[in-house]
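As structure tokens, the structure follows; a few thoughts come after it.
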Amino acid sequence: MSAATLFVVATPIGNLADLSARALETLRTVDAICAEDTRRTGQLLSHFGIATPLVALHEHNEDAMAERIVARLQSGQSLALVSDAGTPLVSDPGYRLVKAARAAGVAVSPVPGACAAIAALSVAGLPSDRFAFEGFLPAKSAARRERLSALAGESRTLVFYESSHRIAESLADLVRALGPERPATIARELTKLFETVLAGKLAELLAKVQADDNQRKGEFVVMVQGAGEDAGAQIAEGRRVYALLNAHLPPSTAAKLAAEITGAPRKALYGSREVSGEE
């Protein structure tokens, strides 16, 4: 074990057999493990008979704890960073600690393993040579719809995380923003007992989730194919409709209606000086 190194260790997203031999050895031999939830990580360590001390590091204390942890690293200790599940920093805490450690000249080394986004993408059947990971969408519907409207023209495959209590609402907003025909895949409870992967058009997936209570339980990765070659034509049509509406309505209202009518991203319409004549 190298001294004065922060090891960023991926842990299983469900199936405990996915914890690598290197990850096990690292967690056994470091001086302490920085964990998002010490209780959850404690259960994982107990399963493998590991007694390494735990230090709580989560979104509410990361700023305060980073300096203390870096001081331990500078004293020669080796530490590991884990999240509740999967690869740390991917929609999880740890960025500030890693940044602080690197700024202090401390070595930071990855111990790779499970990541829900990559695991889901590997079985989605959607283009994966280029993709955009968006993490969790905003919880409030207005902000969520605004984010999706801005992404409507994105040509890369879109990857989102979503929770059980918002999955149906988010799918409905995806249908509204990206269109009912857009190909998509929903991966639920990956590597766990009730793993499900559903593929189809967005409207079809929304109907399946709404019709089955079980498909609204667990943790989700939602992947949506990017805008195709017709995206440019869609935006052009959106701008045409926007120009007509903008002659009679406030710009924000005109853009909202034009986006709903044509499926074009609202920001591509509202931000167009050529169309709106705004300065």
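Residue numbers are given in UniProt numbering: position 59 of the sequence shown equals residue 59, and the series is strictly consecutive.
From the three backbone atoms N, C-alpha and C, an ideal C-beta is built for every residue, glycine too.
Here the structure is a predicted model, which means the values were calculated and not measured.
Would you mind sorting residue i into buried or exposed? The rule is 16 or more other CB atoms within 10 Å of its CB.
i      : result
Glu25  : exposed
Phe194 : exposed
Gly238 : buried
Lys140 : exposed
Arg188 : buried
Glu36  : buried
Gln225 : buried
Asp213 : exposed
Arg144 : buried
Tyr95  : exposed
Ala23  : buried
Ala247 : exposed
Arg182 : buried
Ala258 : buried
Ala142 : exposed
Ala227 : buried
For residue i, which residues of its own chain have a beta-carbon under 8 Å away from its beta-carbon, when the five flanking residues on both sides are left out?
i      : result
Leu27  : Val9, Ile33, Leu45, Phe48, Ile50, Thr52, Ala80 and Val82
Leu97  : Leu6, Cys34, Leu57, Glu62, Met65, Ala66, Ile69, Val70 and Leu81
Gly256 : Strictly speaking, residue 256 in this sequence is Lys, with Gly absent from that position. The answer, listed in chain order, is Arg266.
Taking 6 Å as the limit between beta carbons, can you name the residues of its chain near residue i, skipping five residues before and five after?
i           : result
Ala100      : Ala66 and Val70
Gly179      : Gly263
residue 280 : It is not possible to answer for residue 280, since the shown part of the chain is limited to 1 through 279.
Glu59       : Pro93
Arg130      : Arg156
Asp173      : Arg144, Arg145 and Leu148
residue 344 : Residue coverage of the chain in this structure runs from 1 to 279, which leaves residue 344 outside it and unanswerable.
Leu202      : Leu174, Val175, Pro180, Arg182 and Ala184
How about residue i and residue j: are their beta carbons less than 9 Å apart?
i      : j      : result
Val222 : Leu151 : no
Ala120 : Val90  : no
Glu162 : Leu137 : yes
Ala236 : Leu245 : no
Ser78  : Thr11  : no
Lys217 : Ser164 : yes
Asp18  : Gly135 : no
Glu169 : Leu190 : no
Glu260 : Arg166 : no
Leu54  : Thr38  : yes
Quick one: residues in its chain with C-beta nearer than 7 Å to the C-beta of residue i, no 5 flanking neighbours on either side, listed in chain order?
i      : result
Gln234 : Thr262, Gly263 and Ala264
Ala104 : Val70 and Gln74
Leu205 : Leu171, Ala184, Ile186 and Leu198
Arg102 : Val108
Arg40  : Asp84
Is residue i helix, strand or coil by DSSP?
i      : result
Gly238 : helix
Thr41  : helix
Leu54  : strand
Glu181 : coil
Pro110 : strand
Ala124 : coil
Arg273 : For Arg273, the predicted model reports a pLDDT of 43, less than 50, meaning its position is unreliable and no value from the coordinates is stated.
Val221 : strand
Thr87  : coil
Ile13  : coil
Val209 : helix
Leu151 : helix
Glu189 : coil
Leu257 : helix
Val30  : coil
Glu162 : strand
Ala132 : strand
Lys140 : coil
Leu249 : coil
Ala264 : coil
Can you tell which of the options has its C-alpha closest to the C-alpha of residue i?
i           : options                           : result
Ser20       : Ala104, Cys115 and Ser128         : Cys115
Gly153      : Glu162, Ser163, Glu169 and Ala132 : Ala132
residue 360 : Tyr95, Asp84, Asp31 and His248    : Residue 360 is absent from the model: the chain starts at 1 and stops at 279.
Pro110      : Ala103, Arg130, Gly86 and Ala247  : Gly86
Val241      : Gly228, Leu269 and Pro250         : Leu269
Gln215      : Pro250, Leu202, Thr196 and Ala227 : Thr196
Pro127      : Gly42, Ala184 and Pro251          : Ala184
Glu118      : Ala211, His248, Ala227 and Ile13  : Residue 118 is actually Ile in this sequence, not Glu. Answer by Cα proximity: Ile13.
Val123      : Gln210, Gln43 and Ile186          : Ile186
Taking 8 Å as the cut-off, does the CB of residue i come closer than this to any heavy atom belonging to the ligand NAD?
i      : result
Glu146 : Inclusion of the ligand NAD in the displayed structure is not the case, the ligand content being empty and no account of it being possible.
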